[in-house]
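Going line by line, the protein sequences match chains A and B.
Mind the numbering: the first sequence is residues 1 to 396 in full-length UniProt numbering, read in order.
Mind the numbering: the second sequence is residues 1 to 339 in full-length UniProt numbering, read in order.
Okay, so here's the structure we're looking at.
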Amino acid sequence: MSFRKRNVGLSAGADRSAASAVQPAPPGVIPGIRPSPDDGRPTTSTGTPSLDNLLAGHAGLPMGKSLLIEENGTTDFAGALLRYYAAEGVVQDQKVHVVAVPEQWGRSLPGLIGTAESLEEKRSDKRKDERMKIAWRYERLGEFGAGVAGARGGERLIIAVASAPAATGEQDPNAKQPPAFCHAFDLTKRLAHPSITNMTFIPFTPTKDSPFPPVLSRLQTAIASSAPNTIHRIVIPSLLNPTLYPAESCHPEYVLQFLHSLKALLSAYPTRVTAMITFPLCLFPRSSGVVRWIELLSDGVIELCPFPHSADALTTSGAATSQEESPQGMLKTHRLPVLHERGGGSDQNVGQDWAFILSRRRFEIKPFSLPPAEGDTEAQDTSAQGGMPKKSDLEF
Amino acid sequence: MPSQPPLPHLLVPYLSDQTDSSLTLISSILGATSNWLVLRFLHAALSSSSSPHMPIGVEDQYDGKKRKVVLVSFMRGWEFWKSEAKRLGLDLTRLSSKQQFTFVDGLSELFSLPQNTKTRLPAQHAGAPARTALPLRSQSAVPDRMPPQATPADQTSSRGSTEPIAKKLHFSGHGITALNALGRDIQTVIEKQKISQDDEILLIIDQPDLLLASTGPSQAIGATEMMNWLTGLQLDVHSTVLTLAADSPLLHNASASSNQMANPTEAEHAAFSIGLAHRARSVMQLRTLETGAARDVSGVLRISRGGGWTVGDDNLDERELLFYIQRDGGVRVFGRGES
């Protein structure tokens with residue numbers, strides 16, 4: 001009896017459509033915001049699905065938190081991540097504030113090519129076609145693109161939540177598709193979106209004193225005067241880079257006061273503002289105390305270590321299979337938002353070796369793994385000629 | 001995993017037994033923050049005696065005296081401490097209305113005042129719309145569990161009532177006078193808290209080193225000035241707990257053995273933290289594992305006697321323990337090789 005009753009409840013079409021009729025327009029649901037599968041706090045996308053997945057099980061950047069992306073060397077991978085972050089904000093109709101760079105920066109945002117899910121589906125279709133060609137032992141490696149955290153095991157929750165909206169959409173064609181959380185962008189195209197004009201650029205005004213307070217007060221007034229449901233993103237490219245920042249800004253007390261006030265601003269609006277900062281490590285090394293304070297004042301700290309160009313030989317061997325792109329650098333997570341605030345260290349993603357690949361359409365972060373002696377083909381050849389023991393000899 | 005008691009039993013003697021006018025120093029690094037330990041100190045001092053996890057002997061020492069806490073935080077806001085303390089079963093809002101706890105906010109307005117008074121108004125309303133996202137998720141996953149209208153209304157009303165009572169610090173002016181003004185602000189809060197002479201006040205200052213780093217020698221604030229400032233605060237309270245950043249660039253660049261020149265920030269920080277370690281009764285060091293991250297260990301907690309430890313104070317054993325912070329905020333503390 002009870003079984004039957006439950007069955008009716010589950011399959012009842014009328015019930016479902018009633019629920020879905022309520023769902024499309026619940027008051028106050030903001031596009032681009034979704035609750036964290038870990039603890040339900042609101043999160044927003046960084047514009048890069050695999051970076052979202054890296055952030056300690058929240059599947060996005062929690063609101064009110066800042067992320068510091070440091071980069072070694074003269075490459076601009078961090079800049080690409082920052083552009084995805086800004087572009088995602090533009091597409092989600094959030095208010096994007098860019099500090100220190102001129103407006104040309106906004107014109108170089110990558111073009112929209114659809115939702116992240118649609119790109120993912122295309123890729124997985126392609127992978128299915130190729131499945132037979134890939135040796136079974138490498139096959140799993142490629143799957144990490146689908147969800148860095150998810151594939152690690154024990155994190156199935158993320159996948160479940162991420163696919164839940166899609167699943168309900170399939171079951172009930174009448175239901176309105178929920179707004180996409182993350183989009184895919186193409187670096188070779190330029191973003192053309194009606195709300196791109198909403199971006200604000202905050203330049204430095206020459207002062208004798210600290211150049212930061214005017215910037216902060218502009219951010220404060222912009223956030224305070226906006227409608228209560230507006231979401232803001234603060235984008236700070238290449239912090240302290242001397243081509244963008246006046247010389248006075250490098251005083252430790254000025255920059256630390258600025259970052260402390262930024263932290264205060266983020267905590268004053270815990271559900272409306274996120275910030276992403278990139279920082280050139282070749283100008284300010286991590287071994288310096290001031291840089292450590294900058295890191296301590298950020299909620300998340302990620303370091304990009306691109307492989308030097310001469311290491312091309314190494315990077316090709318770093319590809320799991322010949323079909324996979326080869327990694328372009330290593331990524332280190334030093335601190336993750338929320339997780340480390342609580343004490344940290346218990347996440348599966350911490351301490352893992354990560355590699356990143358930047359292609360035209362995606363910035364992908366996946367576990368770094370060296371395949372078994374792939375680059376060592378010469379040695380394999382010679383040993384084969386020299387009478388490699390046959391497989392039958394090795395069997396016990 | 002089973003839920004953990006709010007106070008790990010191995011830590012109870014260190015957390016709840018503060019001798020008179022003692023200083024406890026907690027040092028943290030980038031990957032191992034001290035907030036969880038500060039929360040345990042709060043819990044040890046504030047939780048009611050009926051708590052089953054407290055050994056009976058500890059309570060007897062404080063017979064007839066009321067323990068109170070003043071928490072000064074330069075790195076975290078009120079919302080963070082309130083919500084994290086709630087996970088431990090401490091209602092800080094209720095405790096502060098009972099005059100047992102006071103929060104001093106050194107984050108919100110330390111270096112920048114809000115532009116206008118209206119700023120706070122949208123900030124409070126902002127919580128409501130975004131929070132409705134929460135019931136939405138449970139709606140799609142478990143439909144019909146609760147009427148959808150109930151939860152948002154509930155939350156807004158509860159938010160409205162929890163107006164932070166915190167005193168906000170502001171660094172106005174320049175140099176040592178501004179620092180002393182901050183000190184006076186904190187002292188006023190302590191005085192307000194101290195109703196009778198029997199009250200034992202535990203002062204917790206979360207990262208006063210930020211103040212040193214972000215003002216610095218250019219404003220004539222150095223390690224010596226900060227130490228004097230802290231001494232002034234310590235005089236008014238029963239015992240003090242401080243947290244400091246102890247990352248290696250902040251400490252080791254200034255040492256004579258390092259090859260590079262230390263910049264003033266590093267030199268002052270090193271002098272400040274080493275000076276405090278010499279004054280402290282105990283030093284609790286938090287760091288990550290040297291051998292890399294582990295799945296079931298968050299980091300290492302080393303408890304050692306500081307320079308202020310006196311012979312005969314036998315309650316303080318030196319230990320090195322491992323800790324693991326669970327997803328739910330519970331902490332497991334265990335020795336090496338145990339589990």
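Even glycine gets a Cβ: it sits at the ideal position worked out from N, Cα and C.
Rounded to whole angstroms, what's the CA-CA distance from residue i to residue j? Just pull it up for me.
i	j	result
residue 103 of chain A	residue 81 of chain B	39 Å
residue 170 of chain A	residue 38 of chain A	With a pLDDT of only 41 at residue 170 of chain A, under 50, the local geometry of the prediction cannot be trusted, and the value read off the model is given with reservation. Answer to the nearest angstrom: the Cα atoms are 25 Å apart.
residue 43 of chain B	residue 217 of chain A	38 Å
residue 40 of chain A	residue 209 of chain A	42 Å
residue 105 of chain A	residue 31 of chain B	33 Å
residue 3 of chain B	residue 185 of chain A	43 Å
residue 334 of chain A	residue 302 of chain A	6 Å
residue 299 of chain B	residue 325 of chain B	9 Å
residue 19 of chain B	residue 198 of chain B	15 Å
residue 362 of chain A	residue 299 of chain A	24 Å
residue 32 of chain A	residue 61 of chain A	11 Å
residue 322 of chain B	residue 188 of chain A	49 Å
residue 320 of chain B	residue 291 of chain B	16 Å
residue 187 of chain B	residue 233 of chain B	7 Å
residue 314 of chain B	residue 113 of chain B	47 Å
residue 448 of chain A	residue 305 of chain B	Nothing in the structure corresponds to residue 448 of chain A, since chain A is present only between 1 and 396.
residue 149 of chain B	residue 34 of chain A	Interpretation of residue 149 of chain B is limited by its pLDDT of 40, a score under 50 that renders its predicted location unreliable; the figure taken from the coordinates is listed afterwards. Going from the Cα of residue 149 of chain B to the Cα of residue 34 of chain A covers about 19 Å.
residue 179 of chain A	residue 94 of chain B	40 Å
residue 407 of chain A	residue 289 of chain B	Residue 407 of chain A is absent from the structure shown; chain A starts at 1 and stops at 396.
residue 58 of chain A	residue 257 of chain B	43 Å
residue 92 of chain A	residue 209 of chain B	39 Å
residue 122 of chain B	residue 247 of chain B	Any reading at residue 122 of chain B must be qualified, since the residue scores a pLDDT of 39, below 50, and its modelled position is unreliable; the value itself is stated next. Whole-angstrom Cα-Cα distance: 38 Å.
residue 25 of chain B	residue 308 of chain A	42 Å
residue 157 of chain A	residue 63 of chain A	For residue 157 of chain A, the predicted structure reports a pLDDT of 39, less than 50, and the residue's modelled location is therefore unreliable. The matter cannot be settled from this model.
Can you tell me the Cβ-Cβ gap for residue i and residue j, rounded? I've got them flagged as a contact below 8 Å.
i	j	result
residue 223 of chain B	residue 272 of chain B	4 Å
residue 72 of chain B	residue 106 of chain B	6 Å
residue 279 of chain B	residue 15 of chain B	Going by Cβ atoms, the distance from residue 279 of chain B to residue 15 of chain B rounds to 20 Å, so no, they are not a contact pair.
residue 395 of chain B	residue 292 of chain A	Examination of residue 395 of chain B is not possible in this model, given that chain B is present from 1 through 339 alone.
residue 333 of chain B	residue 10 of chain B	5 Å
residue 250 of chain A	residue 52 of chain A	Residue 250 of chain A to residue 52 of chain A, Cβ: 32 Å. No contact.
residue 85 of chain A	residue 111 of chain A	With a Cβ gap of about 15 Å, residue 85 of chain A and residue 111 of chain A do not count as contacting.
residue 46 of chain B	residue 101 of chain B	6 Å
Which residues of chain A have a Cβ atom closer than 8 Å to the Cβ of residue i, listed in chain order?
i	result
residue 108 of chain B	264, 267, 268
For the alpha helix (DSSP H) holding residue i, just list the boundary residues, first then last.
i	result
residue 292 of chain A	289 to 296
residue 347 of chain B	As displayed, chain B neither begins before 1 nor continues past 339, which places residue 347 of chain B out of reach and without an answer.
residue 178 of chain B	175 to 193
residue 252 of chain B	248 to 252
residue 269 of chain A	Neither: residue 269 of chain A is in no alpha helix (DSSP H) and is coded neither H nor E.
residue 38 of chain B	35 to 46
If I follow the unbroken beta strand (DSSP E) through residue i, where does it start and stop?
i	result
residue 334 of chain A	329 to 335
residue 280 of chain A	273 to 280
residue 251 of chain A	Per DSSP, residue 251 of chain A belongs to no beta strand (DSSP E) and is neither H nor E.
residue 335 of chain B	331 to 335
residue 44 of chain A	42 to 44
Give me the chain A residues within the contact set of residue i, using Cβ-Cβ distance strictly less than 7 Å, ordered along the chain.
i	result
residue 216 of chain B	252, 253
For residue i, return the contacting residues in chain B, with the cut-off set at a CB-CB distance below 7 Å.
i	result
residue 257 of chain A	111, 214
residue 295 of chain A	30
Using a C-beta to C-beta distance shorter than 9 Å, which residues of chain B count as neighbours of residue i?
i	result
residue 216 of chain A	111, 112
residue 96 of chain A	Simply none; closest approach about 18 Å.
Since residue i meets chain B, which of its residues come closer than 8 Å, beta carbon to beta carbon?
i	result
residue 83 of chain A	Those within 8 Å of residue 83 of chain A in chain B number zero; the least Cβ separation is about 25 Å.
residue 341 of chain A	33, 35, 76, 80
residue 335 of chain A	30, 31
residue 99 of chain A	In chain order: nothing, as chain B lies at least about 15 Å away.
residue 301 of chain A	30
Flag residue i as yes when its Cβ comes closer than 6 Å to any non-hydrogen atom of the ligand FMN, and as no otherwise.
i	result
residue 263 of chain B	By its list of ligands, the structure shown contains no ligand whatsoever, and the ligand FMN lies outside what it can speak to.
Residues of chain A with a CB under 9 Å from the CB of residue i: which are they?
i	result
residue 253 of chain B	287, 288, 289
residue 210 of chain B	256, 260, 293, 296, 297
In the stretch 279 to 292 of chain A, which residues sit with their C-beta less than 8 Å from some C-beta in chain B, listed in chain order? Interface annotation for the stretch 279 to 292 of chain A against chain B: 286, 287, 288, 289, 290, 291, 292, criterion Cβ-Cβ distance under 8 Å.
Quick one, which residues of the stretch 256 to 269 of chain B are near chain A if we go by CB-CB under 7 Å, in chain order? So the list reads 263, 265, 266, 269, given in the order they occur along the chain.
For the stretch 306 to 317 of chain B, which residues have a CB atom closer than 9 Å to at least one CB atom of chain A, in sequence order? For the stretch 306 to 317 of chain B, the beta-carbon criterion of a distance under 9 Å to any beta-carbon of chain A is satisfied by none of its residues.
For the stretch 24 to 36 of chain B, which residues have a CB atom closer than 7 Å to at least one CB atom of chain A, in sequence order? Within the stretch 24 to 36 of chain B, the residues whose Cβ lies closer than 7 Å to some Cβ of chain A are 30, 31, 32, 33, 35, 36, listed in chain order.
Could you list the residues in the stretch 318 to 336 of chain B with a C-beta less than 8 Å from some C-beta on chain A, going in chain order? Sequence-ordered contacts of the stretch 318 to 336 of chain B with chain A read 323, 324, 325, 326, 327, 329, 331 [C-beta pairs closer than 8 Å].
Residues of the stretch 78 to 98 of chain B whose Cβ lies closer than 8 Å to any Cβ of chain A, in chain order: Close to chain A, meaning a Cβ-Cβ distance shorter than 8 Å, are the following residues of the stretch 78 to 98 of chain B: 79, 80, 84.
Which of the residues in the stretch 235 to 250 of chain B, read from start to end, lie with their CB under 7 Å from any CB of chain A? Residues passing the 7 Å Cβ filter: 245, 247, 249, 250.
Please identify, using Cβ separations under 7 Å, the residues of the stretch 43 to 61 of chain A that lie next to chain B, in order along the chain. From the stretch 43 to 61 of chain A, no residue has a Cβ closer than 7 Å to chain B.
At a CB distance below 8 Å, what residues from the stretch 194 to 215 of chain A approach chain B? Give them in sequence order. Going along the stretch 194 to 215 of chain A in chain order, one finds 213 with a Cβ nearer than 8 Å to chain B.
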